[in-house]
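Novice: What follows is a single structure, and I will ask about it in a moment.
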Amino acid sequence: MAIGACLCSCGGSQKEVYKDSTAPVKDRVEDLLKRMTLEEKVGQMNQFVGVEHIKANSAVMTEEELKNNTANAFYPGFTEKDIEKWTEEGLIGSFLHVLTIEEANYLQSLAMKSRLQIPIIFGIDAIHGNANAPDNTVYPTNINLACSFDTLMAYKIARQTAKEMRAMNMHWTFNPNVEVARDARWGRVGETYGEDPYLVTLLGVQSVKGYQGDLNGNEDVLACIKHFVGGSEPINGTNGSPTDLSERTLREVFFPPFEAGVKAGAMSLMTAHNELNGIPCHSNEWLMQDILRGEWNFPGFVVSDWMDIEHIHDLHATAENLKEAFYQSIMGGMDMHMHGIHWNEMVVELVREGRIPESRIDESVRRILDIKFRLGLFEQPYADEAETMKVRLCDEHRATALESARNGIVLLKNDGVLPLDASRYKKILVTGINADDQNILGDWSAPEKDENVTTILEGLKMIAPDTQFDFVDQGWDPRNMDPKKVAEAAVRAKSADLNIVVAGEYMMRFRWNDRTDGEDTDRSDLDLVGLQNELIEKVAASGKPTILILVNGRPLGVQWAAENLPAIVEAWAPGMYGGQAVAEILYGKVNPSAKLAITIPHSVGQLQMIYNHKPSQYFHPYAAGKPSTPLYPFGHGLSYTTYKYDDLKLAQKEITKDGTVDVSVKVTNTGDRDGVEIVQLYIRDKFSSVTRPVKELKDFARVSLKAGESQVVNFKITPDKLAFYDKKMKKIVEPGEFIVMVGASSDDKDLLKDSFFVK
Ligand code: BGC
1 MAIGACLCSC GGSQKEVYKD STAPVKDRVE DLLKRMTLEE KVGQMNQFVG VEHIKANSAV
61 MTEEELKNNT ANAFYPGFTE KDIEKWTEEG LIGSFLHVLT IEEANYLQSL AMKSRLQIPI
121 IFGIDAIHGN ANAPDNTVYP TNINLACSFD TLMAYKIARQ TAKEMRAMNM HWTFNPNVEV
181 ARDARWGRVG ETYGEDPYLV TLLGVQSVKG YQGDLNGNED VLACIKHFVG GSEPINGTNG
241 SPTDLSERTL REVFFPPFEA GVKAGAMSLM TAHNELNGIP CHSNEWLMQD ILRGEWNFPG
301 FVVSDWMDIE HIHDLHATAE NLKEAFYQSI MGGMDMHMHG IHWNEMVVEL VREGRIPESR
361 IDESVRRILD IKFRLGLFEQ PYADEAETMK VRLCDEHRAT ALESARNGIV LLKNDGVLPL
421 DASRYKKILV TGINADDQNI LGDWSAPEKD ENVTTILEGL KMIAPDTQFD FVDQGWDPRN
481 MDPKKVAEAA VRAKSADLNI VVAGEYMMRF RWNDRTDGED TDRSDLDLVG LQNELIEKVA
541 ASGKPTILIL VNGRPLGVQW AAENLPAIVE AWAPGMYGGQ AVAEILYGKV NPSAKLAITI
601 PHSVGQLQMI YNHKPSQYFH PYAAGKPSTP LYPFGHGLSY TTYKYDDLKL AQKEITKDGT
661 VDVSVKVTNT GDRDGVEIVQ LYIRDKFSSV TRPVKELKDF ARVSLKAGES QVVNFKITPD
721 KLAFYDKKMK KIVEPGEFIV MVGASSDDKD LLKDSFFVK
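Everything in the sequence shown is counted per the UniProt record's numbering, starting at 1 for the first residue and increasing by one.
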């Protein structure tokens, strides 16, 4: 306590450089650090859940649960008053799950009473807009965005989200999720940008740039790339189960989006729930120190995931007690703890006992303070309650949510029934759990005011006002569908001209235990839950054309529908104006352009099913059950026009290892509607010293083409697109033949091919 005691008595007379906004951030950090007690430093490294969130959760828990449950953010024996007191004493560095500007400003006002007035940094899961807090723009979920292959849109959404966050005094989003999704059973697939490392990388980079800007203004927020690493290929498909991944797979598939995120300037990173090859990610020195800081020079701070440092002890069992878990995590490279009451005391003890050097604590605190200064929190700790709604949900942001939904909805199948002819289909039956529900907002969204959401039924009525829509409500809950309602839909389908069934999964987290998709909601099959298949089949038995719209996060193996229905639209969770976008696509007001950012398998037994697999993957076909091909391949997506690819040209047929190849292809809109085509370029290394994927996406372009128009699309193949890790794990470009494939999807039948040689 010597330092603290000295500062209390004489600190006031020293010039407080840290309060001088004109001083360089580095000097401000050092000045503040030397004024801080050990307790204050360790407090900066700790997070707490917002008081209102705790109150809301406590209200629905039993006495017993309140005493014992730590999973729902309860701090047994520690009250809201205690949290407030710690905040006033400067012992809490960050809060999460604070959902209103009023609470954020209030907690900040407590921090402003603390000795050094270090502001709180508020973190929140603003995954697709700041949707966890009501009254914010809800954009389509990440998997929908990924299907648009629209990197500029990723930037734009992140930028707008940052503005809405700052308008409610939020400073840090736990996004982008740059995990490469490799198992459709995993409930968090919808939170990712899909299965391709290159696409995930580009979208992640643009999101980071959009959130952070130059990380010094009132409109910038801190991005957090997560979860490091491997949780998207869990051994049994369930969230947080072990991952066992070779260094080759890590470096080729999982690391690139994280490395690129660091290079793009991401200043925080969250570690993953899971263990990786026997070592929990939360104590994994190889990941946090050697790779992240050693190889990639990450200057930001690492935050734990929810209670995962605790799990080093109580789940993974590599620490005999909690204090040991904190020790392992900090010495592994952790900077901030999400979240709880024991951290402060135990970490201080670990330092006092000489087990953790105080200099190690200083490193973490420096990183955290650096961000707080850069975000301007010392100068502007509050947001203006009178101004907040001028930014949130403003017209420009709503328009972006709609535009993004239009670009991300994938037309999987169309035998010609779409676009709908309003003069032919005058009476339409609409049914299914997602037809008239806010579930289109997706995971990580709070319920919104009805007037801020256009459901699919509302969208249809808006776009086709003269059509008679006969709605049979199936409720929102796929597990509890009423057979009588299914039967009623089957009967009413007979008197309709056409049927629309809106099926899928349930994702809204305010009904945590009722979801079928989302965080901690993994599946052992990929079928539609409940009576949904029965509903589709019975409605289709009417003999009237029946269209399936899917609202979901993970791929669903809707094989019966694919074989029997004339049209299927994969909407994912298209956000607050998703209903309008779906209707515009059905009626041809918008020509669909999205392509699958993830493979849709027929069934769970086909997993792992990815397009960029190794050559031997399907050497032996399955003896029974499904074929070795997907239901819909990566990159697939239909349009109301048709495109022709020809004239694939490689300007160089032979290059050196550091050479480049200029590729061009002519794409023609051969139909009678304007459209946007996503032109994809894949590469295969024909023979290599270690096995390489059968194809890998290496470039793409979103090309706007008027009916009848042709365009030559150009790509450049640079050495980094040819490189891989050799037997010694050295990144090299090997001589030999490389096959270039350009076309409309990853399916061979959609690709033109040529090749070149590296000498
Ligand atoms: C999730 C994280 C999230 C955190 C805070 C965890 O359960 O895994 O992705 O950021 O909660 O809400």
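Don't be surprised by glycine CBs; every beta carbon is placed ideally from N, CA and C.
For clarity, every value in this text was computed on a predicted model and none was experimentally measured.
Compute the Euclidean distance between the alpha carbons of methionine 729 and aspartate 720, then round it to the nearest angstrom.
Specialist: In the sequence shown, the residue the question calls residue 729 occupies position 729. In the sequence shown, the residue the question calls residue 720 occupies position 720. Taking the straight line from one Cα to the other gives about 15 Å.
Novice: At the level of alpha carbons, what is the spacing between tyrosine 139 and asparagine 452?
Specialist: For the purposes of this step, residue 139 is taken as residue 139 along the sequence shown, with counting starting at 1. For the purposes of this step, residue 452 is taken as residue 452 along the sequence shown, with counting starting at 1. Going from the Cα of tyrosine 139 to the Cα of asparagine 452 covers about 12 Å.
Novice: Am I right that threonine 151 and glutamine 206 are in contact with their C-beta atoms under 8 Å? What's the rounded C-beta distance?
Specialist: The count along the sequence shown starts at 1 and reaches residue 151 at position 151. The count along the sequence shown starts at 1 and reaches residue 206 at position 206. Correct: roughly 5 Å between the Cβ atoms.
Novice: Determine whether the beta carbon atoms of methionine 334 and isoleucine 356 lie at a separation below 8 Å.
Specialist: The residue labelled residue 334 in the question sits at position 334 within the sequence shown. The residue labelled residue 356 in the question sits at position 356 within the sequence shown. The answer is no: Cβ separation not under 8 Å.
Novice: Going by Cα to Cα distance, which pick from Asp125, Gly240, Gly230 is closest to leucine 246?
Specialist: In the sequence shown, residue 246 corresponds to position 246, counting from 1. Note that residue 246 is serine in the sequence shown, not leucine. Checking every option, the nearest Cα to that of serine 246 belongs to Gly230.
Novice: Does the ligand BGC have even one heavy atom less than 7 Å from the beta-carbon of aspartate 685?
Specialist: Counting from 1 along the sequence shown, the entry for residue 685 is found at position 685. Result no, Cβ not under 7 Å from the ligand BGC.
Novice: Using a Cβ-Cβ cut-off of 7 Å (strictly less than) and excluding sequence neighbours within five positions of residue 766, which residues of its own chain qualify?
Specialist: Because the chain in this structure spans residues 1 to 759, residue 766 falls outside the shown range and cannot be described.
Novice: If you reduce the DSSP assignment to three classes, tell me which class phenylalanine 74 lands in.
Specialist: Here residue 74 corresponds to residue number 74 of the sequence shown, with the count starting at 1. Of the three classes helix, strand and coil, the one that applies to phenylalanine 74 here is coil, per DSSP.
Novice: Please identify the residue among Ile739, Lys749, Glu654 whose C-alpha is closest to the C-alpha of alanine 757.
Specialist: Here residue 757 is taken as the residue at index 757 of the sequence shown, counted from 1. The identity of residue 757 in the sequence shown is phenylalanine, whereas the question assumes alanine. That would be Glu654, whose Cα lies nearest to the Cα of phenylalanine 757.
Novice: Among the candidates Pro574, Ala567, His620, Ala561, whose CA atom is the shortest distance from the CA of asparagine 434?
Specialist: For the purposes of this step, residue 434 is taken as the residue at position 434 of the sequence shown. It is Pro574 whose Cα lies nearest to the Cα of asparagine 434.
Novice: Note down, one range per segment and in chain order, each alpha helix (DSSP H) of at least 4 residues found wholly within the stretch 208-295.
Specialist: If we require 4 residues or more, the alpha helix (DSSP H) runs fully inside the stretch 208-295 come out as 255-263.
Novice: Between the stretch 369-379 and the stretch 593-611, do three or more beta carbon pairs fall short of 8 Å?
Specialist: Result no; under three Cβ-Cβ pairs closer than 8 Å.
Novice: Nearest CA to the CA of glutamate 677: which residue from His636, Thr454, Glu696, Trp512?
Specialist: The residue labelled residue 677 in the question sits at position 677 within the sequence shown. The candidate whose alpha carbon is nearest that of glutamate 677 is His636.
Novice: Out of curiosity, what's the CA-to-CA distance linking valine 221 and arginine 166?
Specialist: Walking along the sequence shown from the start, residue 221 turns up at place 221. Walking along the sequence shown from the start, residue 166 turns up at place 166. Whole-angstrom Cα-Cα distance: 7 Å.
Novice: Specify the secondary structure class of alanine 5 as computed by DSSP and reduced to three states.
Specialist: One-based indexing of the sequence shown puts residue 5 at position 5. Residue confidence is low: alanine 5 scores 37 on pLDDT, short of 50, so the model does not pin down where it sits. Its coordinate-derived value is still stated next. The answer is helix: DSSP assigns alanine 5 an H, G or I state.
Novice: Is glutamate 179 near the ligand BGC, with its Cβ less than 7 Å from a heavy atom?
Specialist: Position 179 of the sequence shown, counting from 1, holds the residue named residue 179. Outside the cutoff, so no.
Novice: What residue from Leu751, Ser616, Tyr632 has the CA that sits closest to aspartate 647's CA?
Specialist: On the sequence shown, residue 647 is found 647 positions in, with the first residue counted as 1. Looking at the Cα atoms, Leu751 is the closest of the given residues.
Novice: Does glutamate 396 have its Cβ less than 8 Å from a Cβ in chain D?
Specialist: Among the chains of the structure shown, chain D does not appear; only one protein chain is present.
Novice: Strictly closer than 5 Å from CB to any heavy atom of the ligand BGC: give me those residues in the order they appear in the chain.
Specialist: Taking each Cβ in turn, the ones that pass are Asp125, Phe174, Asp305, Trp306.
Novice: Helix, strand or coil for tyrosine 506? Go by DSSP, reduced to three states.
Specialist: As a position in the sequence shown, residue 506 is number 506, starting the count at 1. Reduced to three states, the DSSP call for tyrosine 506 is coil.
Novice: Considering Cα atoms alone, identify which of Pro615, Gln606, Leu631 is closest to alanine 624.
Specialist: For the purposes of this step, residue 624 is taken as residue 624 along the sequence shown, with counting starting at 1. Measuring from the Cα of alanine 624, the nearest candidate turns out to be Gln606.
Novice: How long is the line joining the alpha carbons of glutamate 737 and lysine 698, rounded to whole angstroms?
Specialist: In the sequence shown, the residue the question calls residue 737 occupies position 737. In the sequence shown, the residue the question calls residue 698 occupies position 698. Rounded to whole angstroms, glutamate 737 to lysine 698 spans 16 Å at the Cα level.
Novice: Do you know how far the Cα of glutamine 711 is from the Cα of residue 765?
Specialist: In this structure the chain extends from 1 to 759, so residue 765 is not present and cannot be described.
Novice: Which same chain residues end up closer than 6 Å to glutamine 44 when comparing Cβ atoms and leaving out the 5 residues on each side of it in sequence?
Specialist: To locate residue 44, count along the sequence shown from 1; it is residue 44. Once the five neighbours on either side are set aside, the close Cβ partners of glutamine 44 are Gly93, Val365, Ile368.
Novice: Over the uninterrupted beta strand (DSSP E) stretch that includes lysine 716, give me the two end residues.
Specialist: For the purposes of this step, residue 716 is taken as the residue at position 716 of the sequence shown. Start and end: 710-717.
Novice: I'd like the span of the alpha helix (DSSP H) that includes isoleucine 54, first residue to last.
Specialist: For the purposes of this step, residue 54 is taken as residue 54 along the sequence shown, with counting starting at 1. It spans 51-58 - the alpha helix (DSSP H) in which isoleucine 54 sits, taken as one unbroken run.
Novice: Please go through the stretch 12-51 and give each complete beta strand (DSSP E) segment of 3 or more residues, from N-terminal end onward.
Specialist: Correct list: 46-49.
Novice: Rounded to whole angstroms, what's the CA-CA distance from isoleucine 456 to valine 582? Just pull it up for me.
Specialist: Within the sequence shown, numbered from 1, the residue matching residue 456 stands at position 456. Within the sequence shown, numbered from 1, the residue matching residue 582 stands at position 582. Approximately 7 Å, taken between the alpha carbons.
Novice: Can you tell which of Ser148, Pro119, Pro234 has the C-alpha that lies nearest to the C-alpha of valine 200?
Specialist: The count along the sequence shown starts at 1 and reaches residue 200 at position 200. Closest by alpha carbon: Ser148.
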